[in-house]
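What follows is a single structure, written as structure tokens, with notes after it.
Protein chains in written order, with the UniProt record's numbering: chain A, 1 to 117; chain B, 1 to 117.
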């Protein structure tokens, strides 16, 4: 079944609550609304793709920031510590292997499993 | 390095000539311009993700068509024969494992390896 991203983004308003919209082999295609600062974390086992659909997203890295606007993407390499942050709500697609934990090895209150929508 | 998709789409005009814009573990993130009909083919080993950025894309399947507009996506399951077609140029992102051949098992003149841009 096809996925209309705008329709899916219209179904929720919580930020940092990843939603599962499709699978690709053993990868998950997720969408998330981002506002405010996440938590610094690292995925030791996988790269992580961020594609911005709407808004502006900063991916803070220890050696500098990556600023993304609509239709811009960035792949955080495995093992690279990062922390997303956005002043206003940004709508973002995330792609990574199924089971990847959103907070990586950091844990804490912002850890949340993706919910299918 | 971040990828600006509009900038990348501006670098070429050929259709059905996939361009490699990023890697995600052992997956390729590719973009392609689509106009006209491709060739019916199947990927026996992998699902294939189509995300339309601009234009309209029809993914013909043997049991019906999937019509995609901007910000709509579809994952063709492995083993499912399909054939993309578009009346006007559509700008599309493709994600699949590195080494996936664009024409699957069909071969022929439209077979083309992705070129990094």
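Glycine is no exception: its CB is placed at the ideal position from the N, C-alpha and C atoms. All values derive from a computational prediction rather than experimental measurement.
Rounded C-alpha distance that separates residue i from residue j
i	j	result
residue 99 (chain B)	residue 30 (chain B)	12 Å
residue 13 (chain A)	residue 28 (chain A)	20 Å
residue 45 (chain B)	residue 109 (chain A)	38 Å
residue 55 (chain A)	residue 75 (chain A)	18 Å
residue 59 (chain B)	residue 24 (chain A)	17 Å
residue 20 (chain A)	residue 5 (chain A)	11 Å
residue 7 (chain B)	residue 22 (chain A)	27 Å
residue 49 (chain B)	residue 93 (chain B)	8 Å
residue 65 (chain B)	residue 57 (chain B)	10 Å
Cβ neighbour criterion (16 or more within 10 Å) applied to residue i
i	result
residue 26 (chain B)	exposed
residue 62 (chain A)	exposed
residue 47 (chain A)	buried
residue 11 (chain B)	exposed
residue 1 (chain A)	exposed
residue 96 (chain B)	buried
residue 113 (chain A)	exposed
residue 116 (chain B)	exposed
residue 72 (chain A)	buried
Three-state class that DSSP yields for residue i in the structure shown
i	result
residue 7 (chain B)	helix
residue 90 (chain B)	strand
residue 35 (chain B)	strand
residue 59 (chain A)	strand
residue 45 (chain B)	coil
residue 80 (chain A)	coil
residue 12 (chain A)	coil
residue 160 (chain A)	No answer is possible for residue 160 (chain A): it lies beyond the span of chain A, which begins at 1 and ends at 117.
residue 28 (chain B)	strand
residue 162 (chain A)	An answer regarding residue 162 (chain A) cannot be provided, because it is not within the stretch 1 to 117 covered by chain A.
DSSP beta-bridge partners of residue i
i	result
residue 75 (chain B)	B:49
residue 113 (chain B)	Note: residue 113 (chain B) sits in no beta bridge, so no partner.
residue 107 (chain A)	DSSP lists no partner for residue 107 (chain A).
residue 69 (chain B)	Answer is none; residue 69 (chain B) lacks a bridge partner.
Cβ-heavy atom distance, residue i to the ligand MN, below 6 Å
i	result
residue 14 (chain B)	With respect to the ligand MN, the structure shown offers nothing to examine, as it has no ligands at all.
Worksheet entry | Cβ contact (3+ pairs, closer than 8 Å) linking the region 31 to 38 of chain A and the region 78 to 86 of chain A | Touching, yes.
Practice prompt. Would you check if there are 3 or more beta carbon pairs closer than 8 Å linking the region 101 to 109 of chain B to the region 37 to 50 of chain B?
Written response: By the criterion of at least three beta-carbon pairs nearer than 8 Å, the region 101 to 109 of chain B is in contact with the region 37 to 50 of chain B.
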